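Engineer: This is the structure I have questions about; it appears just below.
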DNA sequence: ATGGAGATTGAAAACGGTTTCAATCCATCC
DNA sequence: GGATGGATTGAAACCGTTTTCAATCTCCAT
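Residue numbers (the working numbering), protein chains in the order written: chain A, 2 to 335; chain B, 2 to 335.
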C-alpha cells in the first residue's frame, strides 16, 4: 500500500500538498492538483484511515451499544441508526452488551480508545449517570430515561403512555382480569409501562396483577406458563414486549386457548415480525425508525459542534390493533 | 487523556520501558515495573488504540459483512462470530451490505484502511473471486461457495443436501405437487438447494415446479400469493428460507388454508424464530453457531499466522420436523 | 523600482504508540 | 584482573497522516 510520501515523490510535491488536494483544506494550483490527482488515480492510492484518525483525533466512527441484537427491536433500531450515520458520513460499530454491565463498559472503553466520535447506547447499567459523566465524547441514551440532573441527551418513546394505551385497549376489549408481564424494572422503559398500567387500573377500579419477565423468548415462555397457573381467570395479557408476546401466543396456542376469544394479548414495540405472526399481534407501536434516525442525527450534530437545544426527546407511541385483541361491540355489553 | 510519555516521565523511565511493561514484550526489572504500574494505576492511563494500530499495522479488528441484519439467520450467525472473536481477543465490526455490491465494496475498503486484521463476509457480489483476490488481508467466505480455482477459505452448510432432505421429506409426507420457492440463483446457497430439489424430483418422477423469491418477508408474501394462483393444486411448499416460510404460513393462514392438512411447508435455516411460530415450522437446520464459530476461528488463526490445512468447510444440515408437515402413516397409503 | 497582499508551497513538528539498536551495568568465569 | 555475557534500559526512528509556520512567488498599486 502506497503512502502519501510516495505519492508526493511521484508528483514532485510535498506530502502536505497531497494532503491538501485530498482534503481540500487549502487552495492548490490547478496544475499541481491535476498532477497529484493523476498519480493518485494511477497508483490507486487510498489514505490510511488509522494514521488519519491519529492525526485528527477523530475517526468518523460512531459506536452503538445495544443489549442484544437477538431482539428485532434493536436490529431495526440499529438499521435506522446505521442509515442515518452512513448518510452523514460516519461508520457504525455495532456492539452487543448481552445486558452485561462489564461487557458494556469494555465496549465503551474500546470505543473511546479507538477515537470514536460518539456513542449511542441502550445501557443496562444501573447507574446510568456515572456512565454518562465518565464519557468524554458525545453520548446519547437510547430507549432509557437518564435522571433529570445529568441532563444527558436521550431519545425514547413515551413508554408511560404506551402502558396506558395498552391497558385501556384491553379494558375496551372487555377484559376484566388483565395481567401485566413487566419487563426488568431496572430499565426505565419497563418501569414506565408498568406505571401506565397501574394508573389505568386504579382509574378503572381494577386490581393490578403482575408477573416479572425478561425481554426475551425463553423467559417469555417460562413466565407465561407460570402466569396461567397463578391467574387461571386471566382474560387479557399485556406482554413485556413483542418478543415476549410471541412466546405468550405460542404457549396459548399449544394449550389450545383461543386468542382473542378467551385471552387477548397486547405486545409492545411493533417490530416487523408482529404483523407476520399468526394471529397478527395487537401492539403498542414505537416509532423505531424515527428514534434511530434522531439519535444518530443528534450525535452527528454534537460531534460537529452544533449544540442541541433539546436534550430529551420523547416520541409518541400508537396503538396498533390486529388479531390478538377484539374490541367489544356495544350490544355485547350487558 | 494521558500519553505514554507522560507516564514515562512520572515513573522516571523511558516510553520504551512503559511500552514493555504494558505489552510484556521484554523483561523489565521488577522494581521498575512496579513503579510504572503504580503510575498507570494512579493516572488511569489507557493506551490509545489508534496509535497502537498505526504502529503495529494491526488493529485486532475483524470485519463482518452480511447482506442484512434484518434476517435473523445473519444476526444469529453474527452473534456466534462475535462470541468467538471476543474470546480470541478481537473486536467485531458488523456491517450491512443491503445486498448492494457497491456498499459491500465500500465497507471492505473501509475495513482495509482501518487496518482490520481480517474479514468474514457473506458476499452478494457476482464475481466473488475478484473480491477475494483483491483483498490483502485474510478473508473467509460465509454461506457461499467460491469457485474451485480461488481456493479461498469458506464455511457453509451443505445446501445441496438440505434441498434433498427437504424434498424427500415432503415426498414422505405424501406430497404430490411440491413447489419450490427458489432464492436468488446468483447465491450459491440458493442454487445448491434448488439442485437438490431438482435431483430428488427426477429420482421420484416428479416434475419440478419453481417460483423465484428473494430471501425476505416482503417478497415472500408477494410470491406466495402468485404461487397459489399459478399452482392451485400445490400440496407442498419448499420455502427459500425460514423468513420466507413465515410469510408463506402467514398468507396460507389468511386464506384459511389448513397447514399441514392441505399444504405442507418446509423452511430452511432453523432460526430461533421457527420454533416459536404458530404452527411451529418444519425446516432444514443449519448449524448456525458452529458455522459462525468456525469462521471466526479460521480468520483468527490466519491472522496469527497459523495456516489452515482445510480451506473449505461444509457442515451437515439436519431435518427438523415440527408442525407444518406431517409424515404419512403407512396405513394411510393406498 | 518598491512595498504589500495574496496565492502556493514545503519543512518539520505533531498525533501516541512500538521497536531496533546500542549502551550500561553487574555477575561470573578463566 | 580482564573477558564474557546476560539483564535492563533509553535514544531515536518509525508507523502515515495533518497542520502550523514561514518562505517564496506573483501581481498590482504606488
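C-beta: ideal position from N, C-alpha, C; glycine also. Remember, predicted model here, so these are calculated numbers, not experimental data.
#1: Use the C-beta contact count for residue 170 of chain B: other C-beta atoms within 10 angstroms, 16 or more gives buried, fewer gives exposed.
#2: Is it true that the CB of residue 189 of chain A sits closer than 7 angstroms to the CB of residue 260 of chain A?
#3: Could you have a look at residue 168 of chain A and say whether DSSP puts it in helix, strand or coil?
#4: Spatial neighbours of residue 335 of chain A within its chain, please: CB distance less than 6 angstroms, with the 5 preceding and 5 following residues excluded, ordered by chain position.
#5: With a CB to CB cut of under 6 angstroms and the five nearest residues on each side skipped, what residues in its chain are close to residue 201 of chain B?
#6: Within the same chain, show all residues whose beta-carbon is closer than 8 angstroms to that of residue 118 of chain A, passing over the 5 residues directly before and after it, in chain order.
#7: Going along the chain, which residues of its own chain have a beta-carbon closer than 7 angstroms to the beta-carbon of residue 176 of chain B, five neighbours each way excluded?
#8: Taking 7 angstroms as the CB-CB cut-off, is residue 52 of chain A touching chain B?
#9: In or out: residue 25 of chain A buried (at least 16 other Cβ within 10 Å) or exposed?
#10: Under 8 angstroms between beta-carbons, which chain A residues line up against residue 134 of chain B? List them in chain order, please.
#11: Taking CB distances under 7 angstroms as the criterion, tell me whether residue 125 of chain B reaches chain A.
#12: Could you give the distance in angstroms between the alpha-carbon of residue 57 of chain B and the alpha-carbon of residue 306 of chain B?
#13: So which residues of chain B does residue 250 of chain A contact, with C-beta pairs closer than 9 angstroms?
#14: Measure the beta-carbon distance from residue 70 of chain B to residue 121 of chain B and round it to whole angstroms, keeping in mind my assumption that it falls under 8 angstroms.
#15: What are the partner residues of residue 285 of chain B, as DSSP defines its beta bridges?
#16: Excluding the five sequence neighbours on either side, which residues of its own chain have a C-beta within less than 8 angstroms of the C-beta of residue 226 of chain A, listed in chain order?
#17: How would you list, in chain order, the residues of chain B whose beta-carbon sits under 8 angstroms from the beta-carbon of residue 114 of chain A?
#18: Residue 37 of chain B and residue 12 of chain B look like a contact to me (Cβ under 8 angstroms); what is the Cβ gap, rounded to whole Å?
#19: So what does residue 237 of chain A bridge to, in DSSP terms?
#20: For residue 54 of chain B, count the other beta carbons within 10 Å of its own beta carbon; 16 or more makes it buried, fewer makes it exposed. Which is it?
#21: What is the rounded straight-line gap between the Cα of residue 219 of chain B and the Cα of residue 155 of chain B?
#22: Is the beta carbon of residue 323 of chain B less than 7 angstroms from the beta carbon of residue 283 of chain B?
#23: I'd like to know whether the C-beta of residue 254 of chain B is nearer than 7 angstroms to at least one C-beta of chain A.
#24: Is residue 4 of chain B close to chain A? Criterion is C-beta to C-beta, closer than 7 angstroms.
#25: Is it the case that the Cβ atoms of residue 72 of chain A and residue 51 of chain B are separated by a distance below 7 angstroms?
#26: Would you list, in chain order, the members of the stretch 85-97 of chain A that have their beta-carbon closer than 9 angstroms to a beta-carbon of chain B?
#27: Report yes if the CB atom of residue 317 of chain B is closer than 7 angstroms to the CB atom of residue 159 of chain B, and no otherwise.
#28: Let me know if residue 148 of chain B comes out buried or exposed under the rule of 16 or more other beta-carbons within 10 Å of its beta-carbon.
#29: Report all residues from its chain with a CB closer than 8 angstroms to the CB of residue 280 of chain A; omit the five preceding and five following residues, and keep chain order.
#30: Here's the rule I'm using: 16 or more other beta-carbon atoms within 10 Å means buried, otherwise exposed. How should residue 157 of chain A be labelled?
#31: Quick one: list the residues of chain B neighbouring residue 60 of chain A, beta-carbon separation under 9 angstroms, in chain order.
#32: What does residue 76 of chain A reach in chain B if we use C-beta pairs closer than 8 angstroms?
#33: Identify every run of the alpha helix (DSSP H) within the stretch 12-64 of chain B, keeping only runs that are complete inside it and at least 4 residues long; order them along the chain.
#34: How about residue 23 of chain B: is its C-beta nearer than 7 angstroms to some C-beta of chain A?
#35: Quick one: what's got a C-beta closer than 7 angstroms to residue 105 of chain B's C-beta in the same chain, skipping five residues either side?
Structural biologist: In this structure, then:
#1: Within 10 angstroms of the beta-carbon of residue 170 of chain B lie 16 or more other beta-carbons, which makes it buried.
#2: Between residue 260 of chain A and residue 189 of chain A, the C-beta spacing is not below 7 angstroms.
#3: helix
#4: With a pLDDT of 43 at residue 335 of chain A, under the threshold of 50, the modelled position of this residue cannot be trusted, and the question is left open.
#5: Cβ within range, chain order: 165, 168, 169.
#6: Listed in chain order, the non-local C-beta contacts of residue 118 of chain A below 8 angstroms within the same chain comprise 59, 60, 61, 62, 63, 91, 138, 139, 300, 304, local neighbours out to five positions each way being set aside.
#7: 236, 237, 265
#8: yes
#9: exposed
#10: Simply none; closest approach about 14 angstroms.
#11: no
#12: 15 angstroms
#13: Result: 277, 279.
#14: Contact check for residue 70 of chain B and residue 121 of chain B: beta-carbon distance about 14 angstroms, past the 8 angstroms limit, so the pair fails to qualify.
#15: Residue pairing by DSSP puts residue 285 of chain B in a beta bridge opposite B:269, B:320.
#16: 252
#17: Correct list: 47, 48, 49, 50, 51.
#18: 5 angstroms
#19: Residue pairing by DSSP places residue 237 of chain A opposite A:179, A:265 in a beta bridge.
#20: Within 10 angstroms of the beta-carbon of residue 54 of chain B lie 16 or more other beta-carbons, which makes it buried.
#21: Distance between the alpha carbons of residue 219 of chain B and residue 155 of chain B is about 29 angstroms.
#22: If you check the CB distance, residue 323 of chain B and residue 283 of chain B come in under 7 angstroms.
#23: yes
#24: no
#25: no
#26: 87, 92, 93, 94, 95, 96, 97
#27: Yes, these two residues count as a Cβ contact at 7 angstroms.
#28: exposed
#29: 250, 260, 261, 323, 324, 325
#30: buried
#31: 51, 115
#32: Residues of chain B passing the Cβ test: 70, 71, 76.
#33: 16-24, 31-44, 50-57
#34: no
#35: Cβ neighbours of residue 105 of chain B within its own chain (closer than 7 angstroms, five residues either side excluded): 66, 98, 124, 125, 126.
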